[in-house]
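**Q** In full-length UniProt numbering, the protein residues as written are 1 to 326.
Here a beta-carbon is modelled for each residue, glycine too, at the ideal position from N, C-alpha and C.
(1) By the three-class DSSP mapping on this structure, what secondary structure does residue 27 have?
(2) How would you label residue 118, buried or exposed, when you count the other beta carbons within 10 angstroms and need 16 or more for buried?
(3) With 16 other CB atoms within 10 Å as the buried threshold, where does residue 315 fall?
(4) Which residue marks the beginning of the beta strand (DSSP E) containing residue 278, and which one marks its end?
(5) Can you tell which of 136, 309, 220 and 112 has the C-alpha that lies nearest to the C-alpha of residue 236?
(6) Would you list, in sequence order, the uninterrupted beta strand (DSSP E) runs of no fewer than 3 residues that lie entirely inside the region 168–232?
(7) In the DSSP assignment, find the unbroken beta strand (DSSP E) run with residue 238 in it and report its ends.
(8) Relative to the alpha-carbon of residue 249, which residue among 274, 260 and 266 has its alpha-carbon at the smallest distance?
(9) As a quick exercise: from 244, 238 and 178, pick the residue whose alpha carbon is nearest that of residue 269.
(10) State the Cα-Cα distance for the pair residue 59 and residue 110, rounded to the nearest angstrom.
(11) Taking the straight line between their C-alpha atoms, what separation do you get for residue 290 and residue 247?
(12) If contact is defined by three or more beta carbon pairs under 8 Å, each pair taking one atom from either stretch, is the region 248–263 in contact with the region 286–303?
(13) For residue 287, which residues of its own chain have a beta-carbon under 8 Å away from its beta-carbon, when the five flanking residues on both sides are left out?
(14) Take residue 231 and list the residues in its own chain whose beta-carbon comes closer than 7 Å to its own, dropping the five residues that flank it on each side.
(15) Give the straight-line distance between the Cα atoms of residue 187 and residue 325, rounded to the nearest whole angstrom.
(16) The beta strand (DSSP E) that contains residue 269, what's its start and end?
(17) Which residues does DSSP list as the beta-bridge partners of residue 137?
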């Protein structure tokens, strides 16, 4: 702590402020004579400088900003927080808000966790009810898309029974069993909540029929013989050495029968195929059409439509740009 100096009231340097009454340290008698012998001037006497303040209160003039708009010299409130942006000091901010914010985040996270756990529990409970409870058991079995195959046959093949919990029905296995019915081309089994099983089928449609050993078989567009029975009226007969889905000649004949317009297909009584590039159509009016291979079926059909108006018994449209007839 620095030594406090007595304030000096003068304005100049040493010796400049001595007046008629005398100078510091020199006693003056009433007659105005000084006594130099009595002069006592301590060694540590320090004369004030012009730059030194006249008063102790002038030694320090520091103002801590209390905020925007404060004037220098304004009194500082010790209870007021210090703004670090202006004074460079570390601001003292209350911590109560930070603690409250952390507490709120903790409560929010706990609430989210509880809601998530609750939702999982609800889902598990509902699944258990659907899987085991008789409240959601099979009460109705619907069959759609069938016209030849009877619905009881389809239900029996699916091995479905009423009263079974809906969630326990193996729909894929049921569909696989139904697909074993020869006339069924595709099948789909699905659940319809709360208590219905729907079996949707697409039946095979005959495109031609074949005859072997005095027996007739219906064949679909893929070459699959799905039924042994008399063909419906108007169905064309396929004549080829080895009929079947794996035979190239069979596939070529089926490509023609499914690729021509109905006005051509409806006139065909028999389709004879000795090789995939040698296809002959026998029409119902006993005329013959040499077709060739199973390419450009649309062009050949259009050409045949025009040449059939010409008199003849045999028509060759294997080259649709240059048809012949005789």
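**A** Reading from the atomic positions:
(1) Working through the chain shown from its first residue, we reach residue 27 at position 27. Low per-residue confidence applies at residue 27: pLDDT is 46, beneath 50, and the placement is therefore not dependable, though the value from the model is reported in the following sentence. Looking at residue 27 - three-state DSSP - the assignment turns out to be coil, as it is neither helix nor strand.
(2) As a position in the chain shown, residue 118 is number 118, starting the count at 1. By the neighbour-count rule (16 or more Cβ atoms within 10 Å), residue 118 is not buried but exposed.
(3) Indexing the chain shown from 1 puts residue 315 at position 315. Looking at its Cβ environment, which holds 16 or more other Cβ atoms inside 10 Å, residue 315 is buried.
(4) The count along the chain shown starts at 1 and reaches residue 278 at position 278. Its beta strand (DSSP E) spans residues 278–283.
(5) What you label residue 236 is simply residue 236 of the chain shown in a count that begins at 1. Of 136, 309, 220 and 112, the residue nearest in Cα terms is 220.
(6) 184–192, 196–203, 208–212, 215–219 and 225–228
(7) Against the chain shown, residue 238 aligns to sequence position 238. 236–239 is the span of the beta strand (DSSP E), which, as asked, contains residue 238.
(8) Position 249 of the chain shown, counted from the start, is the residue given in the question as residue 249. The option with the nearest alpha carbon to residue 249 is 274.
(9) Against the chain shown, residue 269 aligns to sequence position 269. Residue 238 is the option with its Cα nearest to residue 269.
(10) Here residue 59 is taken as the residue at index 59 of the chain shown, counted from 1. Here residue 110 is taken as the residue at index 110 of the chain shown, counted from 1. Here the model assigns residue 59 a pLDDT of 39, short of 50, so the residue's position is not dependable, and the following value carries that caveat. The straight-line gap from Cα to Cα measures roughly 60 Å.
(11) Position 290 of the chain shown, counting from 1, holds the residue named residue 290. Position 247 of the chain shown, counting from 1, holds the residue named residue 247. So the alpha carbons of these two residues sit roughly 21 Å apart.
(12) yes
(13) Mapped onto the chain shown, residue 287 falls at position 287. Excluding sequence neighbours, residue 287 sits near 308, 312, 313, 314 and 315.
(14) As a working mapping, residue 231 is identified with position 231 in the chain shown. Excluding sequence neighbours, residue 231 sits near 206, 209, 216 and 218.
(15) In the chain shown, the residue the question calls residue 187 occupies position 187. In the chain shown, the residue the question calls residue 325 occupies position 325. Cα-Cα distance, rounded: 47 Å.
(16) Against the chain shown, residue 269 aligns to sequence position 269. Run containing residue 269: 268–275, per the beta strand (DSSP E) assignment.
(17) Numbered from 1 along the chain shown, position 137 holds the residue referred to as residue 137. Note: residue 137 sits in a beta bridge opposite 165.
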